[in-house]
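Enquirer: Quick one: the structure is below, questions incoming.
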(Lines of atoms letter the chains of each structure in order from A and count residues from 1; the text may use other names and numbers.)
(Lines give C-alpha, C1' and ligand atoms only; values in the text may rest on other atoms or scores of the structure.)
Protein backbone atom coordinates (compact mmCIF):
# COMPACT_ATOMS: atom_id res chain seq x y z
CA UNK A 1 0.00 0.00 0.00
CA UNK A 2 1.28 3.47 -0.82
CA UNK A 3 1.18 6.29 1.67
CA UNK A 4 -2.09 7.66 3.02
CA UNK A 5 -2.64 11.42 3.11
CA UNK A 6 -5.20 13.05 5.36
CA UNK A 7 -6.20 16.67 5.80
CA UNK A 8 -6.62 17.45 9.49
CA UNK A 9 -8.10 20.72 10.67
CA UNK A 10 -7.78 21.66 14.32
CA UNK A 11 -6.40 20.18 17.51
CA UNK A 12 -9.50 18.06 18.14
CA UNK A 13 -9.19 16.42 14.73
CA UNK A 14 -5.49 15.69 15.33
CA UNK A 15 -6.36 14.17 18.71
CA UNK A 16 -9.10 12.09 17.06
CA UNK A 17 -6.56 10.78 14.54
CA UNK A 18 -4.39 9.79 17.52
CA UNK A 19 -7.31 7.87 19.03
CA UNK A 20 -7.84 6.07 15.71
CA UNK A 21 -4.13 5.18 15.53
CA UNK A 22 -4.27 3.91 19.12
CA UNK A 23 -7.05 1.52 18.17
CA UNK A 24 -5.05 0.24 15.19
CA UNK A 25 -1.73 -0.21 17.00
CA UNK A 26 -3.31 -1.67 20.15
CA UNK A 27 -0.22 -0.45 22.00
CA UNK A 28 2.44 -2.09 19.84
CA UNK A 29 4.86 -0.90 17.17
CA UNK A 30 7.18 1.91 16.22
CA UNK A 31 5.88 5.24 14.90
CA UNK A 32 8.14 8.01 13.66
CA UNK A 33 6.58 11.48 13.94
CA UNK A 34 8.07 14.15 11.71
CA UNK A 35 7.25 17.79 11.19
CA UNK A 36 8.34 21.29 12.06
CA UNK A 37 8.09 22.75 15.54
CA UNK A 38 4.42 23.25 16.35
CA UNK A 39 3.23 20.94 13.56
CA UNK A 40 1.18 18.75 15.90
CA UNK A 41 3.45 15.80 16.72
CA UNK A 42 2.86 16.03 20.46
CA UNK A 43 -0.89 16.59 19.98
CA UNK A 44 -1.02 13.44 17.86
CA UNK A 45 1.03 11.55 20.48
CA UNK A 46 -1.32 12.78 23.21
CA UNK A 47 -4.28 11.42 21.23
CA UNK A 48 -2.57 8.05 20.82
CA UNK A 49 -1.70 7.72 24.51
CA UNK A 50 -5.16 8.85 25.62
CA UNK A 51 -6.75 6.59 23.01
CA UNK A 52 -5.07 3.66 24.76
CA UNK A 53 -6.76 4.67 28.02
CA UNK A 54 -4.27 6.94 29.79
CA UNK A 55 -5.98 9.68 31.85
CA UNK A 56 -3.06 11.74 33.12
CA UNK A 57 -1.16 14.57 31.49
CA UNK A 58 0.73 13.78 28.28
CA UNK A 59 3.55 16.23 27.76
CA UNK A 60 6.37 16.54 25.30
CA UNK A 61 9.52 14.86 26.64
CA UNK A 62 11.74 17.55 25.07
CA UNK A 63 14.07 17.80 28.06
CA UNK A 64 13.85 14.21 29.35
CA UNK A 65 14.11 12.60 25.89
CA UNK A 66 11.67 9.84 26.85
CA UNK A 67 8.40 9.77 28.80
CA UNK A 68 7.02 6.37 29.85
CA UNK A 69 3.32 5.55 30.17
CA UNK A 70 1.96 2.41 31.84
CA UNK A 71 -1.58 1.72 30.60
CA UNK A 72 -3.11 -1.47 31.94
CA UNK A 73 -0.93 -4.20 30.42
CA UNK A 74 0.66 -1.89 27.83
CA UNK A 75 3.71 0.35 27.87
CA UNK A 76 4.18 3.39 25.67
CA UNK A 77 7.51 5.15 25.28
CA UNK A 78 7.22 8.70 23.95
CA UNK A 79 10.56 10.01 22.69
CA UNK A 80 11.42 13.56 21.67
CA UNK A 81 14.89 13.59 20.14
CA UNK A 82 14.88 17.29 19.18
CA UNK A 83 17.62 18.22 21.66
CA UNK A 84 19.79 15.18 20.94
CA UNK A 85 23.18 16.50 19.85
CA UNK A 86 24.65 13.18 18.71
CA UNK A 87 22.73 10.02 17.74
CA UNK A 88 25.31 7.96 19.63
CA UNK A 89 23.84 9.36 22.87
CA UNK A 90 20.97 6.91 22.30
CA UNK A 91 23.34 4.04 23.09
CA UNK A 92 23.92 5.54 26.55
CA UNK A 93 20.15 5.68 27.06
CA UNK A 94 19.93 1.95 26.32
CA UNK A 95 17.76 2.64 23.29
CA UNK A 96 17.67 -0.99 22.16
CA UNK A 97 15.94 -2.02 25.39
CA UNK A 98 12.91 0.15 24.56
CA UNK A 99 12.25 -1.87 21.40
CA UNK A 100 12.77 -5.35 22.87
CA UNK A 101 9.20 -6.08 24.05
CA UNK A 102 7.11 -4.74 21.15
CA UNK A 103 5.82 -1.87 23.27
CA UNK A 104 4.51 1.19 21.46
CA UNK A 105 7.32 3.65 20.72
CA UNK A 106 6.37 7.13 19.52
CA UNK A 107 9.47 8.95 18.28
CA UNK A 108 9.41 12.66 17.52
CA UNK A 109 12.36 14.00 15.50
CA UNK A 110 13.60 10.51 14.51
CA UNK A 111 16.16 11.98 12.10
CA UNK A 112 18.15 13.03 15.19
CA UNK A 113 18.67 9.33 16.01
CA UNK A 114 19.47 8.18 12.49
CA UNK A 115 21.59 5.03 12.46
CA UNK A 116 20.56 4.02 15.99
CA UNK A 117 16.80 3.55 15.57
CA UNK A 118 15.09 0.52 14.04
CA UNK A 119 12.90 0.88 10.99
CA UNK A 120 9.44 2.13 11.95
CA UNK A 121 6.18 0.37 11.27
CA UNK A 122 4.78 3.74 10.27
CA UNK A 123 6.29 7.12 9.51
CA UNK A 124 3.95 10.06 10.04
CA UNK A 125 4.81 13.42 8.51
CA UNK A 126 2.83 16.51 9.47
CA UNK A 127 2.93 19.74 7.44
CA UNK A 128 0.97 22.96 7.76
CA UNK A 129 -1.48 23.49 4.91
CA UNK A 130 -3.98 26.37 4.75
CA UNK A 131 -5.66 26.41 8.17
CA UNK A 132 -4.94 22.75 8.92
CA UNK A 133 -2.35 20.04 8.43
CA UNK A 134 -1.54 17.46 5.82
CA UNK A 135 -0.72 14.22 7.61
CA UNK A 136 1.07 11.64 5.48
CA UNK A 137 1.29 8.09 6.79
CA UNK A 138 3.95 5.93 5.15
CA UNK A 139 3.98 2.24 6.15
CA UNK A 140 7.23 0.28 6.37
CA UNK A 141 5.90 -3.05 7.65
CA UNK A 142 2.98 -5.41 7.17
CA UNK A 143 1.26 -4.09 10.25
CA UNK A 144 1.92 -0.49 9.21
CA UNK A 145 0.20 -1.30 5.91
CA UNK A 146 -2.78 -2.83 7.70
CA UNK A 147 -3.07 0.25 9.96
CA UNK A 148 -3.11 2.54 6.92
CA UNK A 149 -5.67 0.38 5.14
CA UNK A 150 -7.95 0.43 8.18
CA UNK A 151 -7.60 4.19 8.59
CA UNK A 152 -8.25 4.74 4.87
CA UNK A 153 -11.46 2.76 5.06
CA UNK A 154 -12.73 4.95 7.93
CA UNK A 155 -12.02 8.33 6.33
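Numbering (the numbering used here), first residue to last: 3 to 157. Positions of the beta carbon are idealized from the N, C-alpha and C atoms, including for glycine.
1. Pick helix, strand or coil for residue 113, following the three-state DSSP scheme.
2. Taking C-alpha atoms, which residue in 8, 24, 92 lies nearest to residue 120?
3. Drop a sphere of 10 angstroms on the beta-carbon of residue 44, count the other beta-carbons inside from all chains shown, and report buried for 16 or more, exposed for fewer.
4. Is residue 51 helix, strand or coil by DSSP?
5. When DSSP labels each residue in this structure, what does residue 146 get in the three-state scheme?
6. Looking at the structure shown, is residue 99 part of a helix, part of a strand, or coil, going by DSSP?
7. Tell me where the alpha helix (DSSP H) around residue 21 begins and ends.
8. Could you compute how far the alpha carbon of residue 81 sits from the alpha carbon of residue 144?
9. For residue 89, which residues of its own chain have a beta-carbon under 7 Å away from its beta-carbon, when the five flanking residues on both sides are left out?
10. Count the C-beta pairs between the segment 98-113 and the segment 128-138 that are closer than 8 Å, then say yes if the count reaches three, no if not.
11. Near residue 217, which residues of its chain fall below 8 Å by C-beta distance, leaving aside the five closest residues on each side in sequence?
12. Near residue 77, what residues of its chain come up, given a Cβ to Cβ distance below 6 Å and the 5 sequence neighbours on each side ignored?
13. First and last residue of the alpha helix (DSSP H) that includes residue 93?
Expert: Put simply:
1. The residue given as residue 113 occupies position 111 in the chain shown. In the three-state reduction of the DSSP assignment, residue 113 falls in the helix class.
2. Walking along the chain shown from the start, residue 120 turns up at place 118. The candidate whose alpha carbon is nearest that of residue 120 is 92.
3. Here residue 44 refers to the residue found at position 42 of the chain shown. Residue 44 comes out buried.
4. Residue numbering aside, residue 51 sits at position 49 when the chain shown is read from its first letter. If DSSP states are grouped into helix, strand and coil, residue 51 belongs with the helices.
5. Along the chain shown, one-based indexing puts residue 146 at 144. The DSSP-derived three-state label of residue 146 is helix.
6. Taking the chain shown and counting its residues from 1, one reaches residue 99 at position 97. The DSSP-derived three-state label of residue 99 is helix.
7. Position 19 of the chain shown, counting from 1, holds the residue named residue 21. From DSSP, the alpha helix (DSSP H) with residue 21 extends over 13-27.
8. If you number the chain shown from 1, residue 81 lands on position 79. If you number the chain shown from 1, residue 144 lands on position 142. Straight-line Cα distance between these residues: approximately 23 Å.
9. Position 87 of the chain shown, counting from 1, holds the residue named residue 89. So the qualifying residues of the chain are 114, 115, 116, 117, 118.
10. Verdict: no, contact absent.
11. In this structure the chain extends from 3 to 157, so residue 217 is not present and cannot be described.
12. Stepping through the chain shown from its first residue, residue 77 is reached at position 75. Within its own chain, the residues whose Cβ lies closer than 6 Å to the Cβ of residue 77, once the five positions on either side in sequence are excluded, are 105, listed in chain order.
13. Translated into positions along the chain shown, residue 93 becomes position 91. From DSSP, the alpha helix (DSSP H) with residue 93 extends over 91-94.
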